[in-house]
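Chains as they are written, first to last, in this note's numbering: chain A, 264 to 376; chain B, 35 to 147. Take a look at the structure set out below.
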Amino acid sequence: KNEVEQSPQNLTAQEGEFITINCSYSVGISALHWLQQHPGGGIVSLFMLSSGKKKHGRLIATINIQEKHSSLHITASHPRDSAVYICASFASYSGGGADGLTFGKGTHLIIQP
Amino acid sequence: DVKVTQSSRYLVKRTGEKVFLECVQDMDHENMFWYRQDPGLGLRLIYFSYDVKMKEKGDIPEGYSVSREKKERFSLILESASTNQTSMYLCASERGTLNTEAFFGQGTRLTVV
Numbered sequence: 264k265n266e267v268e269q270s271p272q273n274l275t276a277q278e279g280e281f282i283t284i285n286c287s288y289s290v291g292i293s294a295l296h297w298l299q300q301h302p303g304g305g306i307v308s309l310f311m312l313s314s315g316k317k318k319h320g321r322l323i324a325t326i327n328i329q330e331k332h333s334s335l336h337i338t339a340s341h342p343r344d345s346a347v348y349i350c351a352s353f354a355s356y357s358g359g360g361a362d363g364l365t366f367g368k369g370t371h372l373i374i375q376p
Numbered sequence: 035d036v037k038v039t040q041s042s043r044y045l046v047k048r049t050g051e052k053v054f055l056e057c058v059q060d061m062d063h064e065n066m067f068w069y070r071q072d073p074g075l076g077l078r079l080i081y082f083s084y085d086v087k088m089k090e091k092g093d094i095p096e097g098y099s100v101s102r103e104k105k106e107r108f109s110l111i112l113e114s115a116s117t118n119q120t121s122m123y124l125c126a127s128e129r130g131t132l133n134t135e136a137f138f139g140q141g142t143r144l145t146v147v
């Protein structure tokens with residue numbers, strides 16, 4: 264059974280700080296999602312990656328398949344980055360698709376001005 | 035832009051009422067999903083659908099049913115709402131191909147009193 268662990272659960276930082284959120288999973292996966300959820304509930308997909316690294320603006324996601332670990336980094340953090348960040352992995356045996364997603368419990372990030 | 039739209043952001047219903055949560059997507063996606071999200075538990079899959087009139091149980095289907103009469107619309111039904119169904123409900127859709135990206139609605143926060 265795939266298990267996804269995120270750390271930290273809560274993170275408060277000052278504006279401008281470099282932020283790292285970690286995600287570990289227990290089985291071989293075919294891809295991993297990083298999702299962002301703002302207060303109010305809607306979820307936005309930030310990245311889907313299966314190897315290496317992806318960058319979008321100030322956000323960078325990396326994945327190490329051998330170590331079963333992914334990180335989400337935020338450079339030059341800003342109060343508008345305050346949100347819950349969730350990682351979700353597709354187990355290789357599931358064939359992909361959101362029915363095969365296993366979600367972490369999320370990291371609650373607060374960036375103070 | 036892919037749009038996944040949930041009919042209500044907030045709902046308050048009484049115990050025993052029949053509740054309908056509607057989700058519509060406008061990108062001709064084959065797969066649609068209903069999740070609930072609770073503090074400390076993360077997102078859990080209730081039901082999903084790969085095609086019109088087709089449904090599959092997820093991890094926590096008890097107390098729920100679904101309907102997919104048209105490709106773009108996936109409804110979650112609480113036949114007799116109970117207080118333990120107070121939660122955030124999230125709809126998602128994706129194209130029916132391997133490791134495709136999932137798109138989420140804005141969420142419906144349901145309170146059963």
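We put the beta carbon where it would ideally sit given N, CA and C, even for glycine.
Status (buried if at least 16 other CB within 10 Å, exposed otherwise) for residue i
{"i": "Leu77 of chain B", "result": "buried"}
{"i": "Leu75 of chain B", "result": "exposed"}
{"i": "Thr365 of chain A", "result": "buried"}
{"i": "Arg343 of chain A", "result": "exposed"}
{"i": "Phe67 of chain B", "result": "buried"}
{"i": "Phe138 of chain B", "result": "buried"}
{"i": "Ile292 of chain A", "result": "buried"}
{"i": "Val53 of chain B", "result": "buried"}
Three-state class that DSSP yields for residue i in the structure shown
{"i": "Arg463 of chain A", "result": "One cannot answer for residue 463 of chain A here, as it falls past the ends of chain A, which runs 264 to 376."}
{"i": "Gly359 of chain A", "result": "No answer about Gly359 of chain A holds up, because its pLDDT of 49 lies below 50 and its placement is not dependable."}
{"i": "Met117 of chain B", "result": "Sequence check: residue 117 of chain B is Thr here, not Met. It is helical."}
{"i": "Glu280 of chain A", "result": "coil"}
{"i": "Arg48 of chain B", "result": "coil"}
{"i": "Met61 of chain B", "result": "coil"}
{"i": "His319 of chain A", "result": "strand"}
{"i": "Ala136 of chain B", "result": "coil"}
{"i": "Arg143 of chain B", "result": "strand"}
{"i": "Asn327 of chain A", "result": "strand"}
{"i": "His301 of chain A", "result": "coil"}
{"i": "Thr365 of chain A", "result": "strand"}
Rounded distance between the beta-carbons of residue j and residue i, thought under 8 Å
{"i": "Ile349 of chain A", "j": "Gly369 of chain A", "result": "5 Å"}
{"i": "Ala136 of chain B", "j": "His296 of chain A", "result": "7 Å"}
{"i": "Leu79 of chain B", "j": "Thr142 of chain B", "result": "So it is not a contact: roughly 16 Å between Cβ atoms."}
Beta-carbon proximity of residue i to residue j, cut-off 7 Å
{"i": "Cys125 of chain B", "j": "Gln71 of chain B", "result": "no"}
{"i": "Gly367 of chain A", "j": "Gln269 of chain A", "result": "yes"}
{"i": "His332 of chain A", "j": "Ser287 of chain A", "result": "yes"}
{"i": "Gln140 of chain B", "j": "Gly305 of chain A", "result": "yes"}
{"i": "Glu266 of chain A", "j": "Pro376 of chain A", "result": "no"}
{"i": "Tyr81 of chain B", "j": "Val100 of chain B", "result": "yes"}
{"i": "Leu335 of chain A", "j": "Ile373 of chain A", "result": "no"}
{"i": "Lys318 of chain A", "j": "Thr325 of chain A", "result": "no"}
{"i": "Ala115 of chain B", "j": "Val146 of chain B", "result": "yes"}
{"i": "Leu45 of chain B", "j": "Leu144 of chain B", "result": "yes"}
At 3 residues or longer, and completely inside the stretch 63 to 134 of chain B: list those beta strand (DSSP E) runs for me, N to C.
-> 65 to 72, 76 to 85, 88 to 91, 98 to 104, 107 to 112, 121 to 128
Output, in sequence order along the chain, the residues in the stretch 275 to 309 of chain A whose CB is closer than 9 Å to any CB in chain E.
-> The question asks about chain E, but that chain is absent: this structure's protein chains are A and B.
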